Each structure stands twice: as C-alpha cells, then as structure tokens.
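Chains as they are written, first to last, in the working numbering: chain A, 1 to 77; chain B, 1001 to 1077; chain C, 2001 to 2147; chain D, 3001 to 3147.
No residue lacks a Cβ here, since even glycine has one placed at the ideal position from N, Cα and C.
Quick caveat, the model's predicted, so the values are computed rather than measured.
Shown next, in structure tokens, is the structure this report addresses.
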Amino acid sequence: MTITIKYFGLIAEVTKQNEETIDFSGQSATELLEYLFLKYPDLKNKDFQVAQNQELVANDAIITGQELALLPPFAGG
Amino acid sequence: MTITIKYFGLIAEVTKQNEETIDFSGQSATELLEYLFLKYPDLKNKDFQVAQNQELVANDAIITGQELALLPPFAGG
Amino acid sequence: MSDKKIKNVFKQGAISSEFIGESIAKHQTKTSIGAHNIFLGQVRADIMDGKTVSAIEYTAYEDMANAKFHDIREATFEKFELTCMHIYHSLGTVKAGEICLFVFVSSPRRKVVFKALEYIVEEIKAQVPVFGKEIFEDDTHQWKVNN
Amino acid sequence: MSDKKIKNVFKQGAISSEFIGESIAKHQTKTSIGAHNIFLGQVRADIMDGKTVSAIEYTAYEDMANAKFHDIREATFEKFELTCMHIYHSLGTVKAGEICLFVFVSSPRRKVVFKALEYIVEEIKAQVPVFGKEIFEDDTHQWKVNN
C-alpha cells in the first residue's frame, strides 16, 4: 500500500524532506519505523511520536494507509 | 480627645457627610460606636468595619485619637 | 513593609483597551519574560428587579487602599518569582462594558503567573477599601458587595 | 467532537499589542462579562552556552494542530462556564520580546476564568503539534522542547 509520511522540525532535518510517499508492505507502525531507521539511521537517536490521521498512536498500531506523521517534542506557546 | 472619622459609600449616605471631627471622651471603639448609633440611628442596621490609622480593628480596640473610618463592604474590581 | 514608595493605583474613569495594549508593548524590551497573565474586571450590566446597571461609580478610602495595594504587591513578590507586576483600579464612573481593574503579572516561566494573578485579584477583592455604587438606568442605585 | 467548523488559530509572525488591545475593545459590547483573563507567551532571549536566542521560528502540523485547538476549545467550554474564548498562535519567525501565543477567556464571574485559562494553556503545551526552532544570534539553532 502507498502511504504518505510527514516530517516536522528536528525530524525533517534528519530526513531532509517534509513529506514523502512510500510503498509499504508491512502492518504495524513498528515495521514502518524499522524501515525508516534503515533509510535514516540518525532517526534512531531522536525523540518523536507517531501520528496516524492526525491522532497520536502507539508503536504497534496497525497502519491503515492514510496520513502518517513523525512528530518531535511539542514547543507551542 | 479630638478624633476625625471618615465615612464611605453606604455609610456616608447614612451620616450625610464624608468626614467629621468629634470630641470623644471614651476609650474603645465600642464606646465610639454607641455614640455614633445615637447620632445616626440608621447605622445600626448597616454592615461595616472600623479602621484606625488605615488598619481594620476589632470593636473593642482602644481609640488612640488619630484617623478612624467606617468602611462598608468592599467592592473593588 | 518595605521602604519602597507607595504608588497611586487609581485612575480616574475607565481603563482603556489602548492603555492595556500600550502596557503590553512596553514589556517587549524585557526579553527575560516568557509569560504574561492579565486580569481585567469589566462592569456588568446586571439586571436586578427588572432594572439594568448602566455604570458603577467607584470611591475609595484612597490612602488605606493604596497602602493595601502596596502590601499586596510586596507579599506577591515574596511569594512568587515575578519579573514585574502592575495594578490599576478605576475611580469615578465606569460604564457597563468598560474596564475597572487591570492586573498584569510577568515571569520568565508560565506556572507561577497563574497562581500569582489569582492571589492578587482575590487579595484586592478582600483587602482593599474600594466601594461601588451600581447606578441603574433610572438613576436609582444600590451598593455593590464583593463575594 | 462537535459539528462546529474548525478555525485557523495560526497567524503569520508575532502577535502585536495593538491586536490584543483591539480584541479587548471588541468585548466591551458584551455587558454580561465581568472578568477577562489573558495569557501571553513571549519569546525569551535565553542564553545557552554563551549564545543568546534572537528568535523562534515556529512550524506546525497545521491540520492536526487546528483540530487539537478545536478539541481543547470544546473541552474547555464543557468544563467551564465561559462567555467566550479566543486562541491565536504564531507561525514563522517571532523575535525575542515578541508575543507568540495569545489566549483570552471571558466569563460573567472571575473564579472560573483563572482555572479555564490555565487549563487551556497547559493543554496547548501538551497536545498541539507546534515546533519551535530557537535561532541564536550567530544563526545556529536548536529545537525547543516544552516542559
């Protein structure tokens, strides 16, 4: 399945892009992260949360194929 | 001794003046209030506190002869 | 009580939104500040027995009130780590919808400003001899009491 | 979640003191209001390792952030009896001393505004995906983290 992943802040600095579309054959966010850690080794040391369809999800959440995002620590206000 | 008494808000409406100087021969605020209740009978039904030298005092406080004030409920803000 | 000079907190009439905006602007050179918290008291057009409040006429035992504002200020700086604090209260007529109390606290960090501001406002309501005559549209009045 | 339309909370650049003053002025026709409480977040010129922060550059996951602001708004109106509530957050560059967050709550009575405002600000800090790049005077940077 084709999924879109958005990157923000510190995370976008590591991935060197704000967004990408990938072809993903796994099931869970854990598998997606394994893939991303291979592609971007520096991600492993970074603090972030995963959002799916604009809601934070656990690492073992099932990927449903819509919008994903890697969010570094919030700094609003 | 000669004392100055200030009246505010609702209390000044009863006394029909903002301030007066009286000759007072008693000792405590209680005695002063007895005198004022005779002079202004409507004061008895009113809610107020007594301040002496800009500090609230109890009714049995000793009058030292400086500035007194009868303060109705506060309504600041 | 400290030796600091007692300020006059009172302003004649309502406190304007421009004055508040300008006070905020003045703090933009203080770059250690991270959080401001502002309380504004506004005169309500309360309806009592079918009559609507059109204004409050404020009077005060001014010397005692300014001394109490000073004490509250000193106590607040002791209790809370604030960069600055400003208090303004109206005297005279303030119409419904206009502002009669402006309390402004600033600190490097946010947590303290909430506690400090609430403390100041509650102390003002309880300790400061200010009196409010609620004027109705038909020119009758009643005396306001803080709760 | 309610059917109400999701507002855009973001403004490009700093929030000006004039804008805040005008927001206050707009509330003077709402004569059931007795108390306003305003929180302002201001960019601090923090010094780290001898370098001074000159600005913060804000970015956000805008759709999710506006949805979260909306949820916070709805939850606040459920919890607290408020007359109105306004939230504005900066995007882009905000210099040290300038304002990046403006939260404004109003109610007939004061007690509720303190609790409501603190609740909103804490929820924003914890829930809303906004990111802050602290720019130092030598053009290096680091990423801000809320605590």
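7 angstroms Cβ cutoff, residue i in contact with chain B
| i | result |
| --- | --- |
| Ile-2020/C | no |
| Val-2145/C | yes |
| Tyr-2088/C | no |
| Pro-2108/C | no |
| Met-2085/C | no |
Selection from the options that minimises the alpha carbon distance to residue i
| i | options | result |
| --- | --- | --- |
| His-3036/D | Asp-3139/D, Phe-3114/D, Met-3048/D, Val-3121/D | Phe-3114/D |
| Asp-1023/B | Asn-1045/B, Glu-1013/B, Gln-1066/B | Gln-1066/B |
| Met-1001/B | Lys-1044/B, Gln-1027/B, Phe-1074/B | Gln-1027/B |
| Gly-3132/D | Ala-3096/D, Ile-3072/D, Ala-3075/D | Ala-3096/D |
| Phe-3102/D | Ile-3124/D, Gly-3092/D, Lys-3005/D, Thr-3083/D | Ile-3124/D |
| Phe-2104/C | Ser-2017/C, Lys-2005/C, Ser-2023/C | Ser-2023/C |
| Ser-2054/C | Gly-2013/C, Ile-2099/C, Ile-2135/C, Lys-2111/C | Ile-2135/C |
| Gly-3013/D | Val-3043/D, Lys-3030/D, Gly-3034/D | Val-3043/D |
| Thr-1021/B | Ala-1061/B, Lys-1006/B, Leu-1010/B | Lys-1006/B |
| Ile-3072/D | Ser-3016/D, Tyr-3119/D, Ser-3032/D | Tyr-3119/D |
| Leu-1043/B | Leu-1070/B, Ile-1063/B, Gly-1077/B | Leu-1070/B |
| Lys-2111/C | Phe-2019/C, Lys-2004/C, Lys-2051/C, Ile-2033/C | Ile-2033/C |
| Glu-2062/C | Gln-2142/C, Ile-2006/C, Asn-2147/C, Lys-2079/C | Ile-2006/C |
| Lys-3079/D | Asp-3049/D, Tyr-3058/D, Met-3048/D, Leu-3117/D | Leu-3117/D |
| Ser-25/A | Pro-73/A, Thr-64/A, Pro-72/A, Gly-9/A | Thr-64/A |
| Ile-3020/D | Leu-3040/D, Phe-3010/D, Val-3009/D, Asn-3008/D | Leu-3040/D |
| Tyr-1040/B | Gln-1017/B, Pro-1073/B, Gly-1077/B | Gln-1017/B |
| Phe-2010/C | Ile-2038/C, Glu-2074/C, Val-2094/C, Met-2048/C | Val-2094/C |
| His-2141/C | Tyr-2058/C, Ser-2090/C, Pro-2129/C | Tyr-2058/C |
| Ala-58/A | Leu-33/A, Val-14/A, Thr-15/A | Leu-33/A |
| Gly-2092/C | Leu-2082/C, Ala-2060/C, Ala-2067/C, Glu-2081/C | Ala-2060/C |
| Thr-2083/C | Cys-2100/C, Arg-2109/C, His-2089/C, Ser-2090/C | Arg-2109/C |
| Trp-2143/C | Phe-1037/B, Lys-1046/B, Val-1050/B | Lys-1046/B |
CB contact below 7 angstroms: residue i versus chain C
| i | result |
| --- | --- |
| Ala-3055/D | no |
| Ala-1029/B | no |
| Gly-3050/D | no |
| His-3036/D | yes |
| Arg-3073/D | no |
| Ile-1061/B | According to the sequence displayed, residue 1061/B carries Ala and not Ile. No, Ala-1061/B lies away from the interface with chain C (no Cβ there is under 7 angstroms from its Cβ). |
| Phe-1037/B | no |
| Phe-1074/B | yes |
| Gly-1065/B | no |
| Phe-3114/D | yes |
| Ile-3006/D | no |
| Gln-1054/B | yes |
| Ala-3096/D | yes |
Which residues DSSP lists as bridging residue i, in chain order
| i | result |
| --- | --- |
| Asp-23/A | Thr-2/A |
| Val-3052/D | The amino acid occupying residue 3052/D in the given sequence is Thr; Val does not appear at that position. Paired residue(s): Ile-3047/D. |
| Phe-3136/D | Val-3053/D |
| Tyr-7/A | Leu-70/A |
| Val-2130/C | Ala-2060/C |
| Ile-2015/C | Ile-2099/C |
Test: residue i CB closer than 7 angstroms to a CB of chain D
| i | result |
| --- | --- |
| Leu-2040/C | yes |
| Ser-2017/C | yes |
| Glu-2123/C | no |
| Gln-2028/C | yes |
| Thr-2093/C | no |
| Thr-2031/C | yes |
| Ala-69/A | yes |
| Gly-9/A | yes |
| Ala-2126/C | no |
| Ile-2135/C | no |
C-beta neighbour in chain A for residue i, strict 7 angstroms
| i | result |
| --- | --- |
| Gly-3132/D | yes |
| Leu-3117/D | no |
For residue j and residue i, believed in contact at Cβ under 8 angstroms, the rounded distance
| i | j | result |
| --- | --- | --- |
| Val-2145/C | Ala-1029/B | 22 angstroms between Cβ atoms; not a contact. |
| Gln-3028/D | Glu-2098/C | 6 angstroms |
| Ile-3/A | Leu-68/A | 6 angstroms |
| Ala-2025/C | Thr-3031/D | Actually they are not in contact, since the Cβ atoms of Ala-2025/C and Thr-3031/D sit about 27 angstroms apart, beyond 8 angstroms. |
| Lys-3051/D | Glu-3137/D | 7 angstroms |
| Ile-2087/C | Phe-2069/C | 6 angstroms |
| Pro-3129/D | Phe-48/A | Actually they do not touch by this definition, with Cβ atoms about 11 angstroms apart. |
| Ile-2038/C | Ile-3047/D | Not really, about 27 angstroms apart at Cβ, beyond 8 angstroms. |
| Thr-3076/D | Met-3085/D | 6 angstroms |
| Ala-2067/C | Gln-1054/B | 6 angstroms |
| Glu-2081/C | Ser-2107/C | 6 angstroms |
heavy atom of the ligand ADP below 6 angstroms from residue i C-beta
| i | result |
| --- | --- |
| Phe-8/A | Among the ligands in the structure shown, none appear at all, so the ligand ADP cannot be discussed. |
Secondary structure, alpha helix (DSSP H): runs of 4+ residues fully inside the segment 2017-2050 of chain C:
Fully enclosed alpha helix (DSSP H) runs of 4 or longer: 2017-2026.
Can you list the alpha helix (DSSP H) stretches of 4 or more residues lying completely in the segment 9-70 of chain A, in chain order?
Runs of the alpha helix (DSSP H) inside the segment 9-70 of chain A: 9-15, 29-39.
Could I get the ranges of all uninterrupted beta strand (DSSP E) runs contained in the segment 3069-3113 of chain D, with 3 residues as the minimum, in chain order?
You should have 3084-3095, 3099-3107.
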